[in-house]
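In this note's numbering, the protein residues as written are 11 to 260.
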């Protein structure tokens, strides 16, 4: 538990560098946590009391037929597409169910097969140079989130008042987005044009502190899309972060 606490405190320090009092208190707590851990070991916490916000949850979802986009949202979508975004509406399908629509997997962790996410209208930059956050390779996830915050502010400036939400993707969203984009354009996101890289998602293997986090990506045409769990502290030149922009349905 103490290592989980230390990571969360470091994340807060990096996300808010203006509040010196808050940063000072966080550093004090980190030092105290390390001292406790070195002297007495990890703090045991009951499973039910520790749950990452987006821990993986298995569920069965009935596909929902959604109403057409309002003229206002349709106009926003067209604007974003002209600006280089690919925009798709996900329907909450499980990664496993997409096999019936032609999706192939190089590897898909069994825990991820039947996960779902809420249907959403999502956008991502389709230009390979803009797809992954610049500088997000070879750095910890917490530092990637700082870059995500910068992208979030840019999106808010570019589309003032649109209510767009820039966030990390949920794992089940990625196979559906990737398949939709491939069927429309013939291009595999995370594939050859994108350097065969991966993105972190915000889906966790379980609700324990330090649980493995899901990755999505590296899509060679003949071998299929890749989805698995990696150590949350892992860094790599091929492990980056793709921001998804959620468009509200008004």
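For glycine and all other residues, C-beta sits at the position ideal for the given N, C-alpha and C. This structure is a prediction, so every number in the text was calculated from the model and none was measured.
| Per DSSP, which one or two residues make a beta bridge with residue 223? | In the DSSP assignment, the residues bridged to residue 223 are 214 and 240.
| task | Can you give me the Cβ contacts of residue 207 inside the same chain, cut-off strictly under 8 Å, excluding the 5 residues immediately before and after it? | result | For residue 207, where only same-chain residues beyond five positions count, the Cβ hits under 8 Å are 142, 147, 200, 227, 228, 248, 249 and 250.
| task | Determine the direct distance from the alpha carbon of residue 114 to that of residue 235, and round the result to whole angstroms. | result | 6 Å
| request: Please specify which runs of the beta strand (DSSP E), each continuous and at least 3 residues long, are wholly inside the stretch 104-170, giving them in chain order. | output: 115-118 and 131-135
| For residue 172, three-class secondary structure by DSSP | coil
| request: Just tell me which of 159, 87 and 197 has its CA closest to the CA of residue 231. | output: 197
| Under a Cβ-count criterion, where at least 16 other Cβ atoms within 10 Å of its own Cβ denotes burial, should residue 84 be classed as buried or exposed? | exposed
| task | To the nearest angstrom, report how far apart residue 79 and residue 174 are at their CA atoms. | result | Using only the alpha carbons, I get a separation of about 15 Å.
| message | Using 8 Å as the cut-off, can you tell me whether the stretch 103-118 makes contact with the stretch 148-159, which would need three or more C-beta pairs spanning the two stretches below that distance? | response | Output reads no: the stretch 148-159 does not touch the stretch 103-118.
| query | Is the Cβ-Cβ distance between residue 126 and residue 102 less than 7 Å? | reply | yes
| request: Throw me the rounded Cβ distance for the residue 95 and residue 254 pair, which I believe falls under 8 Å. | output: Between residue 254 and residue 95 the Cβ distance is about 10 Å, and since that is not below 8 Å, they are no contact.
| query | Quick one: what's got a C-beta closer than 8 Å to residue 110's C-beta in the same chain, skipping five residues either side? | reply | Once the five neighbours on either side are set aside, residue 110 has no close Cβ partner at all.
| Based on the DSSP output, what are the partners of residue 251 in its beta bridges? | Paired residue(s): none; residue 251 is not in a bridge.
| query | In chain order, what residues of the same chain have a beta carbon less than 8 Å from the beta carbon of residue 123, not counting five sequence neighbours either side? | reply | Taking residue 123 as the centre and dropping the five residues before and after it, the same chain places the C-beta of 104, 105 and 106 closer than 8 Å to its C-beta, in chain order.
| message | Spatial neighbours of residue 163 within its chain, please: C-beta separation below 7 Å, excluding the five flanking residues on both sides. | response | none
| task | Return the chain-ordered list of same chain residues with a C-beta closer than 6 Å to the C-beta of residue 183, the five sequence neighbours on each side being excluded. | result | 100 and 127
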